[in-house]
Amino acid sequence: MTILIYGLVTGILFGFLLQKGRVIRCDKQLGALRLMDMTIVK
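In the UniProt record's numbering, the protein residues as written are 1 to 42.
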């Protein structure tokens with residue numbers, strides 16, 4: 001049970017950091033795949 005809670009907390013924290021870094025936007029992901037936008041890599 002504690003492993004599930006640990007995974008939930010880790011997922012929420014990871015999602016928050018992705019949202020804060022504006023990495024979730026589609027144009028940022030496409031730019032990273034095309035090696036034009038290095039926001040995700042940083």
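Ideal Cβ placement from N, Cα and C applies to all residues, glycine included.
>> What does the alpha-carbon distance come out to for the pair glycine 7 and methionine 38?
In response: Taking the first residue of the sequence shown as position 1, residue 7 is located at position 7. Taking the first residue of the sequence shown as position 1, residue 38 is located at position 38. So the two alpha carbons sit approximately 28 Å from each other.
>> According to DSSP, simplified to helix, strand and coil, what is residue 49?
In response: A question about residue 49 goes unanswered here, because the residues of the chain that appear run from 1 up to 42.
>> Restricting to Cα atoms, I'd like to know which of Phe14, Ile40, Phe16, Leu13 is closest to cysteine 26.
In response: Taking the sequence shown and counting its residues from 1, the one referred to as residue 26 is at position 26. Nearest C-alpha to cysteine 26: Ile40.
>> DSSP three-state label for glycine 21, please.
In response: On the sequence shown, residue 21 is found 21 positions in, with the first residue counted as 1. Looking at glycine 21 - three-state DSSP - the assignment turns out to be coil, as it is neither helix nor strand.
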